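Student: So the sequence shown is residues 6 to 136, counted in the working numbering.
In this text, a Cβ means the ideal position worked out from N, Cα and C, and glycines have one as well.
Every value quoted in this text rests on a predicted model; they were computed, and no experiment measured them.
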Amino acid sequence: MSDSTPTSAPTPAPASAPTHAPTPAPATGETPAADEAVRAELSRLRDSIDNIDAAVVHMLAERFKCTQQVGVLKAEHHLPPADPAREARQITRLRELAESAKLDPAFAEKLLNFIIAEVIRHHETIADGTR
6 MSDSTPTSAP TPAPASAPTH APTPAPATGE TPAADEAVRA ELSRLRDSID
56 NIDAAVVHML AERFKCTQQV GVLKAEHHLP PADPAREARQ ITRLRELAES
106 AKLDPAFAEK LLNFIIAEVI RHHETIADGT R
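1. Using three-state DSSP, classify L50 as helix, strand or coil.
2. So, using beta-carbon positions, are A113 and A103 closer together than 8 Å?
3. Could you tell me the alpha carbon to alpha carbon distance between I120 and T135, rounded to whole angstroms?
4. Among R49, A87, K115, L108, whose alpha-carbon lies nearest the alpha-carbon of I131?
5. What does a CB cutoff of less than 7 Å around I125 pick up in its chain, not counting 5 residues either side in sequence?
6. Using the Cβ count rule (16 or more neighbours within 10 Å means buried), how would you classify K79?
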């Protein structure tokens, strides 16, 4: 130990004190290294999250490029912007994928419903422009 203070035997706890031993404080010099290790791990994990977020955004952009083309085809052929049967199949499929990926299926369904609503809005806008 680098501290020059002499050590002494611990004083017995009073009778009313809890009987479990308190968690010892880290030895001097361990906290900064531990803090640095935690900061490094947080940084590594956050970098991964940032990369995943970027990939999600790019995947959504690609998805919307495809759904825009679907919207144009629907508008050209006077098909309705929404396709409830397809949407129901997609929700079922996504819930199954979520379960196998250990993701909350209810969350996955909410996300897909949000995306579907935006796609339908785009399809309606496209259809309004072709009338």
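Tutor: In short:
1. The count along the sequence shown starts at 1 and reaches residue 50 at position 45. Helix, per DSSP.
2. Position 108 of the sequence shown holds residue 113. Position 98 of the sequence shown holds residue 103. For A113 and A103, yes; Cβs fall inside 8 Å.
3. To locate residue 120, count along the sequence shown from 1; it is residue 115. To locate residue 135, count along the sequence shown from 1; it is residue 130. Approximately 23 Å between the Cα atoms of the pair.
4. In the sequence shown, counting from the first residue as 1, residue 131 sits at position 126. Of R49, A87, K115, L108, the smallest CA-CA separation from I131 is found for A87.
5. Taking the first residue of the sequence shown as position 1, residue 125 is located at position 120. Here the set comprises P86, A87.
6. Position 74 of the sequence shown, counted from the start, is the residue given in the question as residue 79. K79 comes out buried.
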